[in-house]
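Whatever position you read off the sequence shown (first residue = 1), add 3 for the working numbering.
The beta-carbon is built from N, C-alpha and C at its ideal position, and this holds for glycine as well.
First the structure, in the form of C-alpha cells, and then the observations on it.
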Amino acid sequence: MDRSPVVGVFYFFWIYYEISTGKLSKDGLLNMIMIMGAIYMATVFMYIYVEKHYGRKEKTSVEK
4 MDRSPVVGVF YFFWIYYEIS TGKLSKDGLL NMIMIMGAIY MATVFMYIYV
54 EKHYGRKEKT SVEK
C-alpha cells in the first residue's frame, strides 16, 4: 500500500497546526515547506524507483 498521500496529509495538517498556534513565522514556514517538499519528493521518487527496479519482479515476465 502506498503511504505517500497519508504522509502528505499529515505534513499539511502539521504545518497548519504550527501556523494556527502562532509558533511559526512566514520565513520559517517557507523554509519548512521547501524542506518538507524536498523530503516528500525524494521519498516519492525513491518509492517509484524501488518499485520499478526491485519490486514486482515476480509478477512481470519481461526481463532485459
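Tyr14 vs Tyr43 beta-carbon contact at 8 Å: The answer is yes: Cβ separation under 8 Å.
Given a cut-off of 8 Å, decide if Ile22 and Leu32 are closer than it, judged by their beta-carbon atoms. Yes.
Any idea what DSSP makes of Tyr2, helix, strand or coil? The structure shown has nothing for residue 2, since the chain only spans 4 to 67.
From Met4 to Glu54, what distance separates their C-alpha atoms? With a pLDDT of 46 at Met4, under the threshold of 50, the predicted position of this residue should be treated as unreliable, though the coordinate-derived value follows. A straight-line Cα-Cα distance of about 12 Å links Met4 and Glu54.
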